[in-house]
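Engineer: I'd like to ask some things about the structure below.
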Amino acid sequence: MLQVERLRKDFTGVRAVDDVSFAVRPGQIFGLIGPNGAGKSTTIRMIMDIIQPDAGTVHIDGQPMHERLKNMIGYLPEERGLYRKNKLGNVIAYFGALKGLRPADARERARPLLEQFSLMEYERRNVEELSKGNQQKVQFVIAVLHQPRLLVLDELFSGLDPVNQVLMKDALLRLKDDNRAIIFSTHQMEQAEKLCDELLMIDHGRGVLHGSPAAIKQQFGRNALHVEFSGDGAFLRALPGVRAVDLARNYAEIELEPDARTNDLIEAMLPRLELHKVARIEPSLQSIFIDVATTDARELRS
Amino acid sequence: MTLTGKTLHVARWEFVERVKTKSFLIGLFLTPAIMAVFAVGPALLQDSLADADAVVVAVHDGTGVVVDSLVTEFARGPMLENGTPKYRIERIEAAGRSLARVKADIDTALLRGAISAAVVIPREALDSNIVEYRSTNVSDIESITRIERKVSDIVSAYRIAHAGLDPAKVDVLTRATSMRTVRVTETGEEESGFLESFGLSYVFLIMLMIMILSSGQMLVRSLVEEKSNRIVEILVSSCSPMDLMFGKIIGISMLGIVQVLFWSLIGILLVVAAELSNLPLDNIWLMLLYFMLGFLLYAAVFVAFGSLASTEQEAQQITGYLTMLLMLPIVIAFMATQSPNNPVLVVLTMIPLLTPQMMFMRLPITTPPAWEIALSLLILVLSIIAVTWVAGKIFRTGILLTGKRPSLDEIVRWLRS
């Protein structure tokens, strides 16, 4: 559906995006993750033909980006943009028309979507009367109105309360089931982990991690245990094979040397502590993200 | 440069959403109302102020030949609304007082408000030709000139009679000749005055300026709003920048046309009401053509500069400069009233930013040679195409730019790309 190859963009002296490549298939949710200012939005703007890349190509269905292709893409920009002084229904009809719908059809199609997000009562009111969260939902309605085959959603969940986040997540999964290709960028790792089939982490403009959430976690899996107990755990630091301990009153997170065995550690603890729980720690995407971002920054400085 | 149906959607949006706004409707009705107030207001005000009360004028006539005639003259007119004379003349006799004493008494009466003005005609006035108008208020020009003329006429008549001549005969002999201006056209001759010749020019000049300014401001405003809200990202990812630019120009031009048509309608009604039948309308279609072309040229200039602004403040600055640019042709066009066929004006007419305005001034007076019209139209159309092309280049990059205003170098680079 979408092929991005070796994209590069320089802004006066700064390389904002550096050699980024990826592909998105229909029915796939593709996550672009990375810290603020990493180059996610710049990459997305190049895909959307808003800015021109200095190098690299964007292909949709094997064709280079072209005016005609714009009708099959839906876009939710990072900085939300709606006309404020105009009626919601008219704004939707206009944006729909710019995506090739007849204005009346756009209005018709928007109704069930507005109903779904409980926005119907605002249809005849000015956009400025809507709350931020509601404007966000309107922006989503505009992005999906023309049933695009490719959806590009920049920071979809920012500014939404938990109830609406669930609503939005359900809507997203329905679109995925409908075989649409979805790119969504976020710096909320939990969301990315739950929703995405494939992830690309961008840092300082470069793709630093690429793969499914499971594969990435495996790649960064650490040898670490979470132990809950009663007793004094101070001795844990001195045990052989232990690299680091994060000690609390009744639990500890223990990082082991790569070749140390869990059973040896348990054996050493048994006589001295009353153990309640021992569990292997799965690295969260969050911690991988922070790890990669900070080491990346260190490498760049050195 | 490809335009699609989306151009029309943009145009429709700009037109429909703006035509409904209060500010547009207010402007539509308020502008002619303000003009009407300016045109009629002062006259109405003067009428209502002037004819309220009779003006009492004391006259001391040392010669003894003026005051009687003055009384009869002012008894005939002008009249107040209630049919009584506006000026009431009160005689002041010397009664043994010196002239200085008479003046002093008059001044007391003036300061008390018993009389509004006094005319002192000294005995030697018939030789010295000087009479005095005394009042606490010497800015009532209308009364002063009226009295001055009457006194002067009476003194002249007295002198003529005194010299043994027949005043009626002298009047006939010294009557001034008046000149009637006749404009000769191919369809025959017409009587025509300054108002008929240049009235239409001014109407076109001012209409063009108002239309460019109001539309230009709307254009720049809408661009700034879309930029600051980042709506422009959705727009540009849905249609091409060219669709957007032309859609905006078309939509807002339509708005301007509605405005001008509405005002013209009012104007035509006024012209019919005022029975100004001999306006020089033979070149009206040509003038309308120059009007539209001129508007398009300036609209493209506005779009190019407007797309560089990213805050309301910058937008105001830019429209400020462009307003100054608009004043220049108007100032120059006024010079054209003096000598419409001056060779310098012919050269100025060929400068596209001046062409419409110069032609507005020249066309009602005389029809320029065909080659001039053809050449000026050609230059105008070519420069519209060129400026639109440049505007498109600047617009394409400019609308996505926020924050720092681009340097000249950068703009030149956009033009090359």
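Top to bottom, those sequences are chains C and B. So the first sequence is numbered by my numbering: it starts at 1 and just counts up by one. So the second sequence is numbered by my numbering: it starts at 1001 and just counts up by one. For every residue, glycine included, the Cβ atom is placed at its ideal position computed from N, Cα and C. None of the values given here were measured: they were computed from a predicted structure.
#1: Kindly indicate if chain B contains any beta-carbon less than 8 Å away from that of Asp49 of chain C.
#2: With distance defined between alpha-carbon atoms, name the residue in C:Leu270, C:Gln135, C:Ile47, C:Leu275 nearest to Pro64 of chain C.
#3: Does the CB of Ser1237 of chain B have a neighbour CB from chain C at under 8 Å?
#4: Using 8 Å as the cut-off, can you tell me whether the stretch 21-38 of chain C makes contact with the stretch 180-187 of chain C, which would need three or more C-beta pairs spanning the two stretches below that distance?
#5: Cα separation between Asp1105 of chain B and Ile1092 of chain B?
#6: Figure out for me which residue from B:Leu1378, B:Ile1284, B:Leu1261, B:Lys1227 has the closest Cα to the Cα of Leu82 of chain C.
#7: Using a Cβ-Cβ distance under 8 Å, would Met1001 of chain B count as near chain C?
#8: In the structure shown, what three-state DSSP assignment does Ala238 of chain C receive?
#9: By how many angstroms is the C-alpha of Gln218 of chain C removed from the C-alpha of Leu200 of chain C?
#10: Within the continuous alpha helix (DSSP H) that includes Met201 of chain C, where are the two ends?
#11: Against chain C, does Glu1312 of chain B count as a neighbour if the rule is that its beta carbon must be under 8 Å from one of theirs?
#12: Looking at the unbroken beta strand (DSSP E) that takes in Val138 of chain C, where does it start and where does it end?
#13: Rank B:Gly1064, B:Lys1248, B:Leu1028 by C-alpha distance to the C-alpha of Thr1388 of chain B and give the top, closest one.
#14: Within this structure, are the beta carbons of Val1271 of chain B and Ala1391 of chain B separated by less than 8 Å?
#15: Roughly how many whole angstroms lie between the Cα atoms of Phe1291 of chain B and Gln116 of chain C?
#16: Which residues of chain C have a Cβ atom closer than 7 Å to the Cβ of Ser1240 of chain B, listed in chain order?
#17: So that I know if they touch, is there some Cβ in chain C lying closer than 8 Å to that of Arg1230 of chain B?
#18: Return the bridge partner residues of Glu1090 of chain B from the DSSP annotation.
#19: One question on the structure: do Glu257 of chain C and Gly241 of chain C come within less than 8 Å of each other, judged by their Cβ atoms?
#20: State yes or no: is the beta carbon of Pro323 of chain C nearer than 8 Å to at least one beta carbon in chain B?
#21: Tell whether a beta-carbon distance below 8 Å holds between Ser1135 of chain B and Leu1110 of chain B.
#22: In the DSSP assignment, the alpha helix (DSSP H) including Thr1145 of chain B goes from what residue to what residue?
#23: Name the chain B residues whose beta carbon is nearer than 8 Å to that of Gly81 of chain C?
#24: Kindly list the residues whose CB is nearer than 7 Å to the CB of Asp1061 of chain B, restricted to its own chain and excluding five residues on each side of it in sequence; keep chain order.
#25: Determine, for Leu150 of chain C, whether the minimum Cβ-Cβ distance to residues of chain B falls below 8 Å.
#26: Expressed to the nearest angstrom, what Euclidean distance is found between the alpha-carbon atoms of Arg8 of chain C and Ile44 of chain C?
#27: Under 8 Å by Cβ, that's how I've got Phe1305 of chain B and Ile1318 of chain B pegged, so tell me the actual separation to the nearest angstrom.
#28: Do Met957 of chain B and Met1335 of chain B have their C-beta atoms within less than 8 Å of each other?
#29: Per DSSP, what are the beta-bridge partners of Ala279 of chain C in this structure?
#30: Under 8 Å between C-beta atoms, does Lys70 of chain C make it to chain B?
#31: Relative to the C-alpha of Glu1090 of chain B, which candidate in B:Ala1114, B:Leu1080, B:Arg1101 has its C-alpha closest?
#32: Could you tell me whether the stretch 197-214 of chain C touches the stretch 13-25 of chain C, using the rule of 3 or more Cβ pairs below 8 Å?
#33: Where Glu303 of chain C and Val138 of chain C are concerned, what is the direct C-alpha to C-alpha distance, given to the nearest angstrom?
#34: Is it buried or exposed for Lys132 of chain C, if we count other Cβ within 10 angstroms and need 16 for buried?
#35: First and last residue of the beta strand (DSSP E) that includes Gln191 of chain C?
#36: Can you grab the Cα-Cα spacing for the pair Glu274 of chain C / Met168 of chain C, in whole Å?
Structural biologist: Taking the structure as given:
#1: Residue numbering aside, residue 49 of chain C sits at position 49 when the first sequence is read from its first letter. It does; some Cβ of chain B falls within 8 Å.
#2: Taking the first residue of the first sequence as position 1, residue 64 of chain C is located at position 64. Closest option to Pro64 of chain C, Cα to Cα, is C:Ile47.
#3: The count along the second sequence starts at 1 and reaches residue 1237 of chain B at position 237. Chain C, which has a Cβ nearer than 8 Å to the Cβ of Ser1237 of chain B, makes this yes.
#4: yes
#5: Numbered from its first residue, the second sequence carries residue 1105 of chain B at position 105. Numbered from its first residue, the second sequence carries residue 1092 of chain B at position 92. Between Asp1105 of chain B and Ile1092 of chain B, the C-alpha separation is close to 10 Å.
#6: Here residue 82 of chain C refers to the residue found at position 82 when the first sequence is read from its first residue. Closest option to Leu82 of chain C, Cα to Cα, is B:Lys1227.
#7: To locate residue 1001 of chain B, count along the second sequence from 1; it is residue 1. Any reading at Met1001 of chain B needs caution, since the residue's pLDDT is 43, under 50, leaving its predicted position unreliable; the model's value is listed next. With 8 Å as the cut-off, Met1001 of chain B does not count as an interface residue toward chain C.
#8: Reading the first sequence from its first residue, position 238 is the one you call residue 238 of chain C. If DSSP states are grouped into helix, strand and coil, Ala238 of chain C belongs with the helices.
#9: Here residue 200 of chain C is taken as the residue at index 200 of the first sequence, counted from 1. Here residue 218 of chain C is taken as the residue at index 218 of the first sequence, counted from 1. One Cα belongs to Leu200 of chain C, the other to Gln218 of chain C, and the distance between them is close to 15 Å.
#10: Numbered from its first residue, the first sequence carries residue 201 of chain C at position 201. Here Met201 of chain C belongs to no alpha helix (DSSP H); instead the beta strand (DSSP E) covers 198-203.
#11: For the purposes of this step, residue 1312 of chain B is taken as residue 312 along the second sequence, with counting starting at 1. Judged by the 8 Å Cβ criterion, Glu1312 of chain B is not in contact with chain C.
#12: Within the first sequence, the letter at position 138 stands for residue 138 of chain C. Here Val138 of chain C belongs to no beta strand (DSSP E); instead the alpha helix (DSSP H) covers 132-144.
#13: Locating residue 1388 of chain B in the second sequence gives position 388, where the first residue counts as 1. Here the closest residue by C-alpha is B:Lys1248.
#14: Position 271 of the second sequence holds residue 1271 of chain B. Position 391 of the second sequence holds residue 1391 of chain B. Contact flag unset, no.
#15: Taking the first residue of the second sequence as position 1, residue 1291 of chain B is located at position 291. Taking the first residue of the first sequence as position 1, residue 116 of chain C is located at position 116. Those two C-alpha atoms are separated by around 51 Å.
#16: In the second sequence, residue 1240 of chain B corresponds to position 240, counting from 1. Those within 7 Å of Ser1240 of chain B in chain C are Glu67.
#17: Stepping through the second sequence from its first residue, residue 1230 of chain B is reached at position 230. When Cβ-Cβ separations below 8 Å define contact, Arg1230 of chain B makes contact with chain C.
#18: One-based indexing of the second sequence puts residue 1090 of chain B at position 90. According to DSSP, Glu1090 of chain B bridges with B:Ala1058.
#19: Within the first sequence, residue 257 of chain C is the residue found at index 257, counting from 1. Within the first sequence, residue 241 of chain C is the residue found at index 241, counting from 1. Cβ atoms of Glu257 of chain C and Gly241 of chain C: closer than 8 Å.
#20: With chain C running from 1 to 302 in the structure shown, residue 323 of chain C is simply not present.
#21: As a position in the second sequence, residue 1135 of chain B is number 135, starting the count at 1. As a position in the second sequence, residue 1110 of chain B is number 110, starting the count at 1. A contact, by the Cβ cut-off of 8 Å.
#22: For the purposes of this step, residue 1145 of chain B is taken as the residue at position 145 of the second sequence. Taken as a continuous stretch (DSSP letters only), the alpha helix (DSSP H) holding Thr1145 of chain B covers 1141-1162.
#23: For the purposes of this step, residue 81 of chain C is taken as residue 81 along the first sequence, with counting starting at 1. Neighbours of Gly81 of chain C on chain B, chain order: Glu1226, Asn1229, Arg1230, Ile1231, Val1232, Glu1233, Ile1234.
#24: The sequence position of residue 1061 of chain B within the second sequence is 61, counting from 1. Val1067, Ile1121, listed in sequence order.
#25: As a working note, residue 150 of chain C is residue 150 in the first sequence. Chain B contact via Cβ: absent.
#26: Position 8 of the first sequence, counting from 1, holds the residue named residue 8 of chain C. Position 44 of the first sequence, counting from 1, holds the residue named residue 44 of chain C. Each residue's Cα considered, the two are about 12 Å apart.
#27: Residue mapping note: residue 1305 of chain B aligns to position 305 of the second sequence, counting from 1. Residue mapping note: residue 1318 of chain B aligns to position 318 of the second sequence, counting from 1. The Cβ separation is near 5 Å, so the contact holds.
#28: The requested residue 957 of chain B does not occur in the structure, where chain B is confined to residues 1001 to 1417.
#29: Residue numbering aside, residue 279 of chain C sits at position 279 when the first sequence is read from its first letter. Residue pairing for Ala279 of chain C: DSSP places it in a beta bridge opposite C:His226.
#30: By one-based count along the first sequence, residue 70 of chain C stands at place 70. Yes, contact with chain B.
#31: One-based indexing of the second sequence puts residue 1090 of chain B at position 90. For the residues B:Ala1114, B:Leu1080, B:Arg1101, the minimum Cα distance to Glu1090 of chain B belongs to B:Ala1114.
#32: yes
#33: A question about residue 303 of chain C goes unanswered here, because the residues of chain C that appear run from 1 up to 302.
#34: In the first sequence, residue 132 of chain C corresponds to position 132, counting from 1. Burial call: exposed.
#35: Here residue 191 of chain C is taken as the residue at index 191 of the first sequence, counted from 1. No beta strand (DSSP E) holds Gln191 of chain C; the alpha helix (DSSP H) holding it covers 189-195.
#36: Stepping through the first sequence from its first residue, residue 274 of chain C is reached at position 274. Stepping through the first sequence from its first residue, residue 168 of chain C is reached at position 168. If you take the alpha carbons of Glu274 of chain C and Met168 of chain C, they lie about 45 Å apart.
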